[in-house]
Amino acid sequence: MSDIRNDDDMAVLLSTPVDADTLGRLHRRLEQAAEQADLIDVAYTTIDSPVGKLLLAATPKGLVRVAYAGEDHDRVLETLGRKISPRILHAPERLDTAAREIDEYFARHRRVFDLTLDLSLSHGFRRLVQTHLPEIEYGQTRSYRDMAELVGNPKAVRAVGTACATNPLPIVVPCHRVLRTDGTLGGYVGGLAAKTTLLDLEAAA
Numbered sequence: 005m006s007d008i009r010n011d012d013d014m015a016v017l018l019s020t021p022v023d024a025d026t027l028g029r030l031h032r033r034l035e036q037a038a039e040q041a042d043l044i045d046v047a048y049t050t051i052d053s054p055v056g057k058l059l060l061a062a063t064p065k066g067l068v069r070v071a072y073a074g075e076d077h078d079r080v081l082e083t084l085g086r087k088i089s090p091r092i093l094h095a096p097e098r099l100d101t102a103a104r105e106i107d108e109y110f111a112r113h114r115r116v117f118d119l120t121l122d123l124s125l126s127h128g129f130r131r132l133v134q135t136h137l138p139e140i141e142y143g144q145t146r147s148y149r150d151m152a153e154l155v156g157n158p159k160a161v162r163a164v165g166t167a168c169a170t171n172p173l174p175i176v177v178p179c180h181r182v183l184r185t186d187g188t189l190g191g192y193v194g195g196l197a198a199k200t201t202l203l204d205l206e207a208a209a
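Using the numbering used here, you'd call the opening residue of the sequence shown number 5 and step up by one each time.
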């Protein structure tokens with residue numbers, strides 16, 4: 005009988021609704037315990053922006069991912085779990101500085117990001133190109149051909165396009181400032197509307 009009673013008690017506990025405040029407190033306790041035990045390899049949060057909801061993720065090395073909603077945030081987190089570590093936790097406090105700087109950028113109060121970046125998701129030529137993207141100043145644009153010449157491989161125009169398309173840190177690493185040689189937008193991970201919004205934002209500053 006005691007087993008049945010225990011099972012019944014457990015069923016009652018599991019079926020008891022938990023309010024949002026309680027869940028929030030439990031999550032904060034989990035977050036604090038995980039941080040104290042050094043169990044968080046990837047912290048993430050989401051923020052609202054003029055180009056939609058953005059997912060921000062960071063490792064102890066720095067900001068590792070900025071993802072648009074169109075990239076499917078759940079899928080992005082799954083990829084981070086596979087490529088970096090499964091020890092991922094929603095920990096907004098760890099992204100406070102990144103969130104603040106992105107907010108300042110959209111408010112036209114910031115032109116250069118002062119964030120430590122973790123570029124471990126990129127390798128080889130793609131990483132080389134992405135490392136040079138911040139050299140394009142706020143409000144300026146370059147062509148894919150310009151970037152190919154900048155990194156010392158003038159014939160690698162298409163590869164530069166791929167490097168921009170696979171940039172894991174859009175907005176912060178400004179691949180939106182790279183256009184086709186004829187001046188048209190080209191592709192963009194966040195969609196052409198987002199790319200236009202970013203370019204217009206910087207042009208109006």
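Where a beta carbon is used, it is the ideal one built from N, C-alpha and C, also for glycine.
Computed from a predicted model, the values in this text were never measured in an experiment.
message = Once DSSP output is grouped into helix, strand and coil, what is the label at Ala-95?
response = coil
request  = Would you please state the rounded distance, in angstroms, between the beta carbons of Val-46 and Leu-84? I believe it to be under 8 Å.
outcome  = Right, the Cβ-Cβ distance comes to about 5 Å (below 8 Å), so this counts as a contact.
task = At 4 residues or longer, and completely inside the region 140-173: list those alpha helix (DSSP H) runs for me, N to C.
result = 148-154 and 161-169
inquiry  = Considering only DSSP beta bridges, list what Ala-209 is partnered with.
reply    = Ala-209 pairs with nothing; no bridge assigned.
query = Taking C-alpha atoms, which residue in Leu-154, Leu-67, Val-193 and His-77 lies nearest to Leu-132?
reply = Measuring from the Cα of Leu-132, the nearest candidate turns out to be Leu-154.
request  = Would you mind giving the Cβ-Cβ distance between Leu-172 and Ile-140, rounded to the nearest angstrom? I have them listed as a contact below 8 Å.
outcome  = Reading off the sequence, residue 172 comes out as Pro, not Leu. So it is not a contact: roughly 17 Å between Cβ atoms.
inquiry  = Under 8 Å, with one C-beta from each stretch per pair, do the region 115-129 and the region 87-105 reach the 3-pair mark?
reply    = yes
Cα-Cα separation between Leu-59 and Ile-88, rounded to whole angstroms = Looking at the two C-alpha atoms, the distance is approximately 16 Å.
query = What residue does the alpha helix (DSSP H) around Tyr-109 start on, and which one ends it?
reply = 100-110
request  = Between the Cα of Gly-56 and those of Asp-204, Ala-209, Leu-205 and Gly-194, spot the shortest distance and give me the residue it belongs to.
outcome  = Gly-194
ask   = For Leu-196, which beta-bridge partners are listed by DSSP?
value = DSSP lists no partner for Leu-196.
query = Using a Cβ-Cβ cut-off of 8 Å (strictly less than) and excluding sequence neighbours within five positions of Thr-200, which residues of its own chain qualify?
reply = Leu-189
inquiry  = Measuring straight from C-alpha to C-alpha, what distance separates Leu-123 and Val-68?
reply    = Rounded to the nearest angstrom, the two C-alpha atoms are 6 Å apart.
Residue range of the alpha helix (DSSP H) that includes Arg-79 = Segment 77-87, the alpha helix (DSSP H) holding Arg-79.
key: Best match in Tyr-142, Ala-61, Ala-95 and Glu-97 for proximity to Glu-82 [C-alpha to C-alpha]   = Ala-61
task = Given a cut-off of 7 Å, decide if Tyr-148 and His-94 are closer than it, judged by their beta-carbon atoms.
result = no
Straight-line gap, Thr-101 to Pro-64 (C-alpha atoms, nearest Å) = C-alpha of Thr-101 to C-alpha of Pro-64: approximately 14 Å in a straight line.
Pair within 7 Å by beta-carbon distance, Ala-167 and Arg-130 = Cβ distance < 7 Å, so Ala-167 and Arg-130 count as in contact.
ask   = Measuring CB to CB, does Arg-181 end up less than 7 Å from Thr-135?
value = no
inquiry  = For the beta strand (DSSP E) containing Leu-59, name the first residue and the last one.
reply    = 58-63
query = Leu-67 lies in the beta strand (DSSP E); which residues open and close that run?
reply = 66-72
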